[in-house]
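Below you'll find the structure, written out as structure tokens, and then a few comments.
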Ligand code: DNO
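In the numbering used here, the protein residues as written are 64 to 452.
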């Protein structure tokens, strides 16, 4: 596998020079300053690509070329937005960039309720609490009918939490779920937005009446439209699985496990319609056997995120060590090293905050020391697999 790293552009305090010292070979990045739906120009792509190359690395994967909301809900602007997407893809292709990660999650990308969940050793990680998420949905968003989506035990906890929660804790929950985790990946909500909850509710309302079947049809339409450009430039589209891999907030989610992936790969049966295999996202669904999925879809996997989670007895999930948990990274690395193309790009996903990471204000999950530590663990697995088979 090729060792890559998600880098957030020239403003990222983690520089390519630092990355070369820790064994990184390729960069995963995006034109983060271009608003969703706008065209990525060939000039801007070339400029960033040159910058990366002058600094001794190369641009291996785009993560993400975001899919505008209207494409996902099938709004009237969707054909214009798909045309823009095709132009951006062609501009990437002309610059020799051939792996593009995206997702098809409505409104909200990845979800966590806690960004600094303490570990016994003094480090911290991301965490998803079912009951706190239910609280956000039922009591902060006050989404109609939300209670029906949760178990009696969850709702009991929601009522308990309601008795003690402070305004600051409510604000923190909103910040974690829809502001901080989204801002740098998705752009729907920004830190400067005054009333994120109202904005978020407006976004949710765009999906009224869009069920799983409708969302699937919109995804199939989008992929069918862009495939000719991908064929022309040999670009692999790699869809990131939904995180977490189950429906949330009344929204359908359609890349959650085996049945969904079977549907997706058959619906647009083109080798350029592929997967970003995020072991962490898939591992947060009890229904997923992560190594079995990797084995089944090996030929359609063109990008790998190495990370793992543990599902707790109450249904919460926590980021696990990269050597443990349901992601089963040792098995995955063995599989990819032995059976995938040698240059399959992989990156470490979601490190813990450790040592001086806390003071650096990195994007949540994208610490330096934590990811470096996990990369060293994975490099150890790779060396062991190479030596022992
Ligand atoms: C979170 C990431 C996701 C991912 C996008 C890809 O840490 O894994 O935001 O980049 O979903 O489109």
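In this text, a Cβ means the ideal position worked out from N, Cα and C, and glycines have one as well.
No experiment lies behind these values; they were computed from the predicted model shown.
I'd like to know whether the C-beta atoms of residue 64 and residue 407 end up nearer to each other than 8 Å. Numbered from 1 along the chain shown, position 1 holds the residue referred to as residue 64. Numbered from 1 along the chain shown, position 344 holds the residue referred to as residue 407. Yes, Cβ-Cβ distance for residue 64 and residue 407 is below 8 Å.
Tell me residue 141's beta-bridge partners as DSSP assigns them. Position 78 of the chain shown, counting from 1, holds the residue named residue 141. The partner list for residue 141 (beta bridge, DSSP) is empty, contrary to what the question assumes.
Going by beta carbon distance, what residues of the same chain come within less than 7 Å of residue 274, once the five residues before and after it are set aside? Counted from its first residue, the chain shown places residue 274 at position 211. Only 315 meet the Cβ criterion.
Just how far apart, CA to CA, sit residue 264 and residue 190? Here the question's residue 264 lines up with position 201 in the chain shown. Here the question's residue 190 lines up with position 127 in the chain shown. Roughly 23 Å separates the two Cα atoms.
Skipping 5 residues on each side, what residues in its chain have a beta carbon closer than 7 Å to that of residue 373? Here residue 373 is taken as the residue at index 310 of the chain shown, counted from 1. If we look at residue 373 and ignore the five residues flanking it on each side, its Cβ neighbours are 380, 381, 383, 388, 389.
Quick check on the burial criterion: 16 or more other C-beta atoms within 10 angstroms. Buried or exposed for residue 135? Within the chain shown, numbered from 1, the residue matching residue 135 stands at position 72. Residue 135 comes out buried.
Which class does residue 296 belong to by DSSP, given the choice of helix, strand or coil? Residue mapping note: residue 296 aligns to position 233 of the chain shown, counting from 1. The answer is helix: DSSP assigns residue 296 an H, G or I state.
Outcome for residue 143 when other beta-carbon atoms lying within 10 angstroms are tallied against a minimum of 16: As a working note, residue 143 is residue 80 in the chain shown. Exposed.
Does the segment 181 to 190 come within contact of the segment 120 to 134, defined as at least 3 CB pairs closer than 8 Å? no
Taking the alpha helix (DSSP H) that residue 114 belongs to, which residues open and close that run? Indexing the chain shown from 1 puts residue 114 at position 51. Run containing residue 114: 105 to 117, per the alpha helix (DSSP H) assignment.
Using a 10 Å radius around the Cβ and a threshold of 16 neighbouring Cβ atoms, would you call residue 452 buried or exposed? Along the chain shown, read from residue 1 onward, the residue named residue 452 stands at position 389. Its Cβ having fewer than 16 others within 10 Å, residue 452 is exposed.
Kindly indicate which residue of 286, 393, 118 has the alpha-carbon position closest to the one of residue 87. Counting from one through the chain shown, the residue named residue 87 turns up at place 24. With distances taken between Cα atoms, residue 87 lies closest to 118.
Just verifying my parser: in three-state terms, what is the DSSP assignment at residue 173? Against the chain shown, residue 173 aligns to sequence position 110. Coil.
May I have a chain-ordered list of the alpha helix (DSSP H) segments no shorter than 4 residues that lie completely inside the segment 148 to 213? 193 to 198
Based on DSSP bridge pairs, tell me the residues matched to residue 409. Indexing the chain shown from 1 puts residue 409 at position 346. Its beta-bridge partners are 66, 367.
Please say whether residue 370 and residue 342 have beta carbons closer to each other than 8 Å? Within the chain shown, the letter at position 279 stands for residue 342. Within the chain shown, the letter at position 307 stands for residue 370. Taking 8 Å as the Cβ cut-off, residue 342 and residue 370 qualify as a contacting pair.
Please classify residue 220: is it buried, with 16 or more other beta-carbons within 10 angstroms of its beta-carbon, or exposed? Here the question's residue 220 lines up with position 157 in the chain shown. Buried.
Endpoints, alpha helix (DSSP H) assigned at residue 418: The count along the chain shown starts at 1 and reaches residue 418 at position 355. Taken as a continuous stretch (DSSP letters only), residue 418 belongs to no alpha helix (DSSP H), as it is neither H nor E.
Stretch-stretch touch, CB-based, cutoff 8 Å, three pairs: the segment 334 to 354 with the segment 290 to 309: yes
Examine the ligand DNO and report whether any of its heavy atoms sits within less than 7 Å of the Cβ of residue 346. The residue you call residue 346 lines up with position 283 of the chain shown. Residue 346: no, Cβ never under 7 Å from the ligand DNO.
The segment 435 to 451 in contact with the segment 90 to 101 per 3-pair CB rule at 8 Å: no
Which residues in the same chain as residue 449 place their Cβ atom closer than 8 Å to its Cβ, once the five residues preceding and following it in sequence are excluded? Residue mapping note: residue 449 aligns to position 386 of the chain shown, counting from 1. Around residue 449: 400.
Backbone secondary structure at residue 221 - three-state DSSP: The count along the chain shown starts at 1 and reaches residue 221 at position 158. Here residue 221 sits in helix by DSSP.
CB residue 123 to CB residue 90, shorter than 8 Å? Counting from 1 along the chain shown, the entry for residue 123 is found at position 60. Counting from 1 along the chain shown, the entry for residue 90 is found at position 27. Going by C-beta atoms, residue 123 is nearer than 8 Å to residue 90.
So is residue 365 buried or exposed if we call it buried at 16+ other beta carbons inside 10 Å? By one-based count along the chain shown, residue 365 stands at place 302. Answer is buried; the Cβ neighbour count reaches 16.
Report all residues from its chain with a CB closer than 7 Å to the CB of residue 421; omit the five preceding and five following residues, and keep chain order. Here the question's residue 421 lines up with position 358 in the chain shown. So no residue of the chain qualifies.
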